[in-house]
Amino acid sequence: MVIKVAVAGAKGRMGYQVVSDILENDDQELVAAFDLHGVGEELTQGIKISSPDEMENVLQEVKPHVLAEFTNATAAVENVKVAARNNVKLVVGTTGFSASQFKELEDAITGHVPAIISPNFSIGVNVFWKLIAEAARQLQAYQYHMEIVEMHHSHKKDAPSGTAVKAAEILSGYTTKGASKFVYGRQGITGERTDEEIGIHAVRADEIVGEHTVLYAGKGERLEITHRAQSREAFSQGAIKAIEWISGKEKSRIYSMDEMLKELEHG
Ligand code: NAP
């Protein structure tokens with residue numbers, strides 16, 4: 003069965019990459035595209051950009067199996083609500099949700115529609131999250147200091163990146179003192195670094211697609227684990243897999259990329 007897909011944020015950097023990859027995939031068909039830009043314009047043969055205000059009507063008309071969401075946190079909350087109440091499954095890649103926005107997503111999705119949400123759909127980053135946990139676990143007894151540096155293009159609207167936030171959450175389970183305190187950049191007379199700190203630093207420059215480093219510094223040495231995305235295909239190829247995978251799910255809840263990869267790994 004060909005999976006019918008709608009894309010929100012279709013004129014954006016990520017959305018457009020996902021659109022391009024869907025068009026090259028024989029098992030998926032682009033049936034709708036939404037953005038604030040280029041409304042009414044033909045994005046590809048037969049598919050015009052619709053405005054988010056038209057989403058409810060368009061989804062009811064073209065009945066996609068899955069909506070891929072790559073916009074911004076405020077827009078995504080509304081788009082997810084519209085998709086969920088129209089029984090359209092979800093792949094949400096948007097980042098920067100506050101705790102209350104994430105709760106709104108959970109409420110809209112749970113019991114209504116299957117959805118996979120990940121701040122990073124790259125396979126490499128999903129392995130990176132496992133590696134940084136393992137390194138932190140092994141170094142926990144030796145009081146290594148852990149810091150995160152992320153780099154992105156100058157158009158990115160949220161900081162730190164969703165990938166860095168998830169990395170910080172993972173590391174926070176392994177600080178020497180058990181408790182962790184996130185420190186975002188440093189400026190002025192900060193005083194000495196404390197053992198429970200995890201520093202998180204966001205670089206924004208030109209067209210960097212996305213880089214994340216976790217460094218572990220101990221007496222006389224430093225271990226660094228880095229992931230570098232060289233193109234947005236790293237994310238969109240994972241999103242394409244997620245579209246296929248979530249289209250086969252029936253339970254109405256939020257799934258993780260980790261669950262998907264484990265299932266695919268074990269066939
Ligand atoms: P972008 O280039 O700004 O694209 C987002 C597009 O969505 C823009 O054209 C934007 O218009 C449009 N938009 C805004 N509100 C909308 C609405 N209500 N409905 C439909 N479209 C709307 O951003 P991007 O670089 O593609 O990133 C998009 C999101 O994906 C960000 O949160 C980013 O962090 C995330 N991301 C996730 C992954 C992953 O693997 N999960 C990878 C990369 C990026 P305006 O410019 O007018 O707002």
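Numbering (my numbering), first residue to last: 3 to 269.
Built from N, CA and C at the ideal position, the CB exists for glycine as well.
Taking buried to mean at least 16 other C-beta atoms within 10 Å of its own C-beta, is residue i buried or exposed?
i, result
"Asp208", "exposed"
"Lys105", "exposed"
"Lys253", "exposed"
"Thr196", "exposed"
"Tyr186", "exposed"
"Gln30", "buried"
"Lys183", "exposed"
"Asp55", "exposed"
"Asn59", "exposed"
"Arg230", "exposed"
"Ala143", "exposed"
"Gly190", "exposed"
"Lys91", "buried"
"Gly11", "buried"
"Ser102", "exposed"
"Arg2", "Residue 2 lies beyond the stretch modelled for the chain, which goes from 3 to 269, so this question has no answer here."
"Leu173", "buried"
"Gly42", "exposed"
How long is the line joining the alpha carbons of residue i and residue j, rounded to whole angstroms?
i, j, result
"Ser100", "Thr46", "34 angstroms"
"Tyr18", "Ser258", "23 angstroms"
"Val115", "Thr215", "35 angstroms"
"Ser52", "Ala8", "11 angstroms"
"His154", "Ala169", "16 angstroms"
"Gly212", "Lys50", "30 angstroms"
"Ile150", "Gly175", "15 angstroms"
"Arg224", "Phe72", "36 angstroms"
"Gln62", "His39", "22 angstroms"
"Asn1", "Asn88", "Since the first residue of the chain shown is 3 and the last is 269, residue 1 is not available in this structure."
"Ala1", "Met148", "It is not possible to answer for residue 1, since the shown part of the chain is limited to 3 through 269."
"Ala249", "Val93", "Checking the sequence, you will find Ser at residue 249 rather than Ala. Answer to the nearest angstrom: the Cα atoms are 10 angstroms apart."
"Ser22", "Leu69", "15 angstroms"
"Ile210", "Ser156", "8 angstroms"
"Glu198", "Glu261", "30 angstroms"
"Val20", "Gly201", "32 angstroms"
Out of the options, state which residue places its alpha-carbon closest to the alpha-carbon of residue i.
i, options, result
"Ala236", "Lys6, Gly126 and Met3", "Gly126"
"His67", "Glu261, Tyr218 and Met3", "Met3"
"Ala86", "Ile256, Asn27, Val129 and Met16", "Ile256"
"Ile119", "Lys158, Leu141, Ala78 and His157", "Ala78"
"Trp247", "Thr177, Leu266, Ala231 and Ser238", "Leu266"
"Gly222", "Val93, Gln145, Glu44 and Gly250", "Gln145"
"Asn81", "Ser249, Gln232 and Met57", "Met57"
"Leu107", "Phe123, Asn122, Ser124 and Val84", "Val84"
"Asp28", "Ser156, Met262, Arg206 and Lys243", "Lys243"
"Asp37", "Arg234, Asn74 and Ile172", "Asn74"
"Ser124", "Leu263, Gly240, Lys251 and Ala204", "Gly240"
"Glu1", "Thr76, Ala204, Ile24 and Gly98", "Not covered by the structure: residue 1. The range shown for the chain is 3 to 269."
"Glu26", "His268, Leu263, Ser238 and Lys264", "Ser238"
"Leu141", "Glu226, Lys6, Ala35 and Lys251", "Glu226"
Only counting runs of 3 or more residues, tell me where the beta strand (DSSP E) segments fall wholly within the segment 114 to 139, in order along the chain. 117 to 119
Minimum length 4: unbroken alpha helix (DSSP H) runs contained in the segment 226 to 264: If one requires a minimum length of 4 residues, the alpha helix (DSSP H) runs lying completely within the segment 226 to 264 are 235 to 249, in chain order.
Runs of beta strand (DSSP E) lying entirely within the segment 35 to 96, each at least 3 residues, in chain order: 44 to 46, 49 to 52, 68 to 71 and 91 to 94
Which complete beta strand (DSSP E) runs does the segment 156 to 195 hold, if anything under 3 residues is left out? Secondary structure in the segment 156 to 195: the beta strand (DSSP E) runs of 3 residues or longer, each lying completely within the stretch, are 183 to 186 in chain order.
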